[in-house]
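Participant:
Protein chains: 2
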Amino acid sequence: MSDATARPPVRRRRMSRAERERQMLDVAETVFTERGYKATSMDEIAERCGVSKPMLYEYFGSKDGLLLACMSRVKAELLDVTQKAMAGAGSPREVLRRGMHAYFGFIDSHSRSFAMVLSEPLAAPPETAETIEATRRQQSTLIAGVLAVFAPSAPRAAIDAHTEIIIGACERLALWRTGRPDVSVADAAQYMTDFCWHGLSPYLDD
Amino acid sequence: MSDATARPPVRRRRMSRAERERQMLDVAETVFTERGYKATSMDEIAERCGVSKPMLYEYFGSKDGLLLACMSRVKAELLDVTQKAMAGAGSPREVLRRGMHAYFGFIDSHSRSFAMVLSEPLAAPPETAETIEATRRQQSTLIAGVLAVFAPSAPRAAIDAHTEIIIGACERLALWRTGRPDVSVADAAQYMTDFCWHGLSPYLDD
DNA sequence: GCAGTAACTTACTCGTAGTAGATTACGCGA
DNA sequence: TCGCGTAATCTACTACGAGTAAGTTACTGC
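Going down the list, the sequences are from chains A and B.
Just so we're aligned: the first sequence equals residues 938 to 1143 in the numbering used here.
Just so we're aligned: the second sequence equals residues 938 to 1143 in the numbering used here.
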């Protein structure tokens, strides 16, 4: 009866490294999403993992490191989903539309509010910022690849610039959708695709 | 001789509220830019103002508040510059190009690295994030207004969406330019304008 | 059963955001 | 020129959270 009375029998299983790491990432992702990066304390994440703080540091080195790990995982998943969606398409335009649809759909369903964290959180030292940029670059590479295939005649600088333009536009639009439940995933994908294809010209009256 | 020996005669003038506020914002902007948001301590800003920490809190309430005030000021200036640049143009396309040019030019000359702070710093509580969004919305309103004039036939939702797309693209492109000194202000403005006008279609080979 | 190691903990330090309450300098009327 | 009120300012704290050093426990293979 010694444990039943004193403390609720918190099941503190030992876990393998990989198992624990995954669990920590899951918890951290949840808490960061709930509270925001700054308002989250390492102590709280540790507690909700049923583990003590130094464990987190053992695994991720720092609070920034933990956030970074979360983001890397999510971004990798996002990249994968996007890539797969694009694979099945025929026309260039369809490739783009499907990619966009997958992108917005992922952010929407997976963790709508985590999108905030994704696009905002850097209070971080420049080093961390750079790492995040690097992750983003993967996404860029995908887009840039697509553009390069579609437009082999375009100079490199133009491709890079347009890649940044498209990524920025997507991220911002995704963020905006957070407060606009009336705009569906398909709508957003359509807006982006149309805009990429013809810009504003369809709307212009002259 | 009493002050000359003991301590360097730090000129600690008293200032009026408005005067001190401006000075604090100047210093804070500089330090945030130098060190990044997180790595900057309120003590350091206070010291470089020749003032003690509680003064900063008296004026801005919190570290987030101070950052926010900096950003508001810069954004207001940016908005102003952009607006003025657009005023003098004839054709719609020229309006856009001039606006873009002013935008990138401002970020470039005024505080290239502060652009990082502008687009990153939110480790802030949601409330602060919202305030920043509100500031950004001013910029949005400008763009949306322009779009509405150019394309009176477009539905409201489309205008809003395109506004977000354009803002996101601009911010991202500005950030990207930070690491690409070879891309001039004019280049960036041109990329954005062209893309807004016709999207990718000029590059597509089909 | 008994190493040996890998998972895990307790119990700290240190830096920095934020605050309570005393204090000083300046403007202004007599 | 002298006080006197008030606004600007300071000293001296507390609180909390990131990060760490060094020790402790539980599985794993022999």
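Using N, Cα and C, we set each Cβ at its ideal position, and we do this for glycine too.
Tell me whether V1086/B is buried or exposed, calling it buried when 16 or more other Cβ atoms sit within 10 Å of its Cβ.
Facilitator: Flag for V1086/B reads exposed.
Participant: In angstroms, rounded to a whole number, what distance separates the CA positions of G1027/B and E958/B?
Facilitator: 40 Å
Participant: Taking the alpha-carbon positions, what's the M992/B to L1033/B distance?
Facilitator: Spanning the two alpha carbons is a distance of roughly 43 Å.
Participant: Below 7 Å, is the gap between the Cβ of R1030/B and the nearest heavy atom of the ligand ADP?
Facilitator: With respect to the ligand ADP, the structure shown offers nothing to examine, as it has no ligands at all.
Participant: If you run the structure through DSSP and keep just helix, strand and coil, what is R959/A?
Facilitator: helix
Participant: C1133/A versus chain B: which residues are under 7 Å apart at the beta carbon?
Facilitator: G1136, L1137
Participant: State buried or exposed for A1111/B, treating a residue as buried only when at least 16 other CB atoms are found within 10 Å of its CB.
Facilitator: buried
Participant: When the distance is taken between beta carbons, is S1138/A closer than 8 Å to W1134/B?
Facilitator: yes
Participant: Using C-beta distances below 6 Å, list every residue in its chain close to G1042/B, excluding the 5 sequence neighbours before and after it, in chain order.
Facilitator: V1122.
Participant: Is it the case that the Cβ atoms of H1038/B and A1106/B are separated by a distance below 8 Å?
Facilitator: no
Participant: My guess is that M1129/A and I982/B are in contact by the Cβ rule of under 8 Å, so how many angstroms apart are they, rounded?
Facilitator: That belief does not hold up - the Cβ atoms of M1129/A and I982/B are roughly 41 Å apart, past 8 Å.
Participant: Near V1083/A, what residues of its chain come up, given a Cβ to Cβ distance below 6 Å and the 5 sequence neighbours on each side ignored?
Facilitator: none
Participant: Tell me which residues share the same chain as Q1020/B and place their Cβ nearer than 7 Å to its Cβ, disregarding the 5 neighbours each side in the sequence.
Facilitator: L1079
Participant: Identify whether A1026/A lies in helix, strand or coil by the three-state DSSP scheme.
Facilitator: Secondary structure at A1026/A: coil, using DSSP grouped into helix, strand and coil.
Participant: Tell me the rounded alpha-carbon separation between E1067/B and Q1075/B.
Facilitator: 13 Å
Participant: Would you tell me roughly how many angstroms separate the C-alpha atoms of I1044/B and A1013/A, rounded to the nearest one?
Facilitator: Rounded to the nearest whole angstrom, the C-alpha separation of I1044/B and A1013/A is 31 Å.
Participant: Quick one: what does DSSP say G1082/A is sitting in, helix, strand or coil?
Facilitator: helix
Participant: Enumerate in chain order the residues of its own chain whose CB-to-CB distance from P1058/A is below 7 Å, with the five nearest sequence positions on each side excluded.
Facilitator: Unreliable positioning characterises P1058/A in this predicted model, as indicated by a pLDDT of 46, which lies under 50. The coordinate reading is nonetheless provided below. Cβ within range, chain order: Y974, L1004.
Participant: Name the two residues that bound the continuous alpha helix (DSSP H) containing K990/B.
Facilitator: 990-997
Participant: With 8 Å set as the bound, which would you pick, yes or no: does the beta-carbon of V1032/B sit closer than that to a beta-carbon of chain A?
Facilitator: False, the Cβ-Cβ gap to chain A never drops below 8 Å.
Participant: Using beta-carbon positions only, say whether H1099/B and F1132/A come within less than 8 Å of one another.
Facilitator: Contact annotation: H1099/B and F1132/A have beta-carbon atoms nearer than 8 Å.
Participant: Is P1058/A helix, strand or coil by DSSP?
Facilitator: Caution applies to P1058/A, whose pLDDT of 46 falls short of 50 and renders its modelled position unreliable; the value that the coordinates give is listed next. If DSSP states are grouped into helix, strand and coil, P1058/A belongs with coil.
Participant: Please list, in chain order, the residues of the stretch 1098-1119 of chain B that have any C-beta partner in chain A closer than 7 Å.
Facilitator: Residues passing the 7 Å Cβ filter: A1098, H1099, E1101, I1102, I1104, G1105, A1106, E1108, R1109, L1110, W1113.
Participant: Determine, using beta carbons only, whether R985/A and V964/A come nearer to each other than 8 Å.
Facilitator: yes
Participant: Are any of the Cβ atoms in chain A nearer than 8 Å to that of M961/B?
Facilitator: no
Participant: Assuming contact is defined by CB atoms lying nearer than 8 Å, are M1008/B and I1069/B in contact in what I supplied?
Facilitator: yes
Participant: Please report the straight-line C-alpha distance between M961/A and E956/B, rounded to a whole angstrom.
Facilitator: 49 Å
Participant: Just verifying my parser: in three-state terms, what is the DSSP assignment at K975/B?
Facilitator: coil
Participant: Just checking my contact of I1104/B with R1109/A at CB under 8 Å: how many whole Å lie between their CB atoms?
Facilitator: 6 Å
Participant: 8 Å is my cut-off, CB to CB: does V1011/A come that close to chain B?
Facilitator: no
Participant: What do you get for V1114/A, buried or exposed, if any count of 16 or more other CB atoms within 10 angstroms of its CB means buried?
Facilitator: The question names Val, yet the displayed sequence has Arg at residue 1114/A. Under this definition R1114/A is a buried residue.
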